[in-house]
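Asker:
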Amino acid sequence: MSEPVRVRRVYDPPEDGDGTRVLVDRLWPRGVSKERAAIDVWLKDVTPSDELRSWYHQDRSGARHDTFVDRYRTELDDPAHTEAVDRLVGLVREGGPVTLITAVKDVADSHVPVLVDHLDHVMKRT
Numbered sequence: 171m172s173e174p175v176r177v178r179r180v181y182d183p184p185e186d187g188d189g190t191r192v193l194v195d196r197l198w199p200r201g202v203s204k205e206r207a208a209i210d211v212w213l214k215d216v217t218p219s220d221e222l223r224s225w226y227h228q229d230r231s232g233a234r235h236d237t238f239v240d241r242y243r244t245e246l247d248d249p250a251h252t253e254a255v256d257r258l259v260g261l262v263r264e265g266g267p268v269t270l271i272t273a274v275k276d277v278a279d280s281h282v283p284v285l286v287d288h289l290d291h292v293m294k295r296t
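Under my numbering, residues 171 to 296 are what the sequence shown spells out, in order.
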């Protein structure tokens, strides 16, 4: 992706280079005030559905990861998610950095890398 998209945890202090800070979690992070989080936009609809998120977290072994990725990609293409994805693409295209903010402990094994990859594909095809 040619446009700068960063990923940071909400528990890390904001940095000057963050640009637009977009929360990409369905639930507000525990123990974090709105001031401390410094969120500019909260896009709940770019996150996995409650059903998919619950299903994925029922098995912590990692055995469901590949299926989760496939199901989440399918969700990102459905009408319930496309408006929020389009808004995120618009933020990236407006210029300046966009930082995706999440509370997940293991970012690499979460929905966030799938979302970043999806953004890359959407930006290349439009």
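Backbone N, C-alpha and C fix where the C-beta goes; we use that ideal spot for every residue, glycine too.
All figures in this text were calculated on a predicted structure; none of them were measured in a lab.
Could I get the ranges of all uninterrupted beta strand (DSSP E) runs contained in the segment 216 to 254, with 3 residues as the minimum, in chain order?
Answerer: Listed in chain order, there is nothing to give.
Asker: Give the straight-line distance between the Cα atoms of THR190 and ASP236, rounded to the nearest whole angstrom.
Answerer: Rounded to whole angstroms, THR190 to ASP236 spans 30 angstroms at the Cα level.
Asker: To the nearest angstrom, report how far apart LEU193 and GLU185 are at their CA atoms.
Answerer: Going by the C-alpha atoms only, they are around 15 angstroms apart.
Asker: When the distance is taken between beta carbons, is VAL202 closer than 8 angstroms to VAL216?
Answerer: No. Outside cutoff.
Asker: Between the alpha carbons of MET171 and LEU246, how many angstroms are there, rounded?
Answerer: In this prediction, MET171 has a pLDDT of 43, which is less than 50 and means its spatial position is unreliable; nothing more can be read from the coordinates.
Asker: Pick helix, strand or coil for VAL292, following the three-state DSSP scheme.
Answerer: The answer is helix: DSSP assigns VAL292 an H, G or I state.
Asker: Are there 16 or more other CB atoms within 10 angstroms of the CB of HIS291, so buried, or fewer, so exposed?
Answerer: Exposed, because fewer than 16 other Cβ atoms sit within 10 Å of the Cβ of HIS291.
Asker: Could you give the DSSP three-state label for VAL284: helix, strand or coil?
Answerer: Three-state DSSP puts VAL284 in a helix.
Asker: Determine the direct distance from the alpha carbon of ARG263 to that of ARG234, and round the result to whole angstroms.
Answerer: Rounded to the nearest angstrom, the two C-alpha atoms are 33 angstroms apart.
Asker: Over what stretch of residues does the beta strand (DSSP E) that includes ARG178 continue unbroken?
Answerer: Its beta strand (DSSP E) spans residues 175 to 179.
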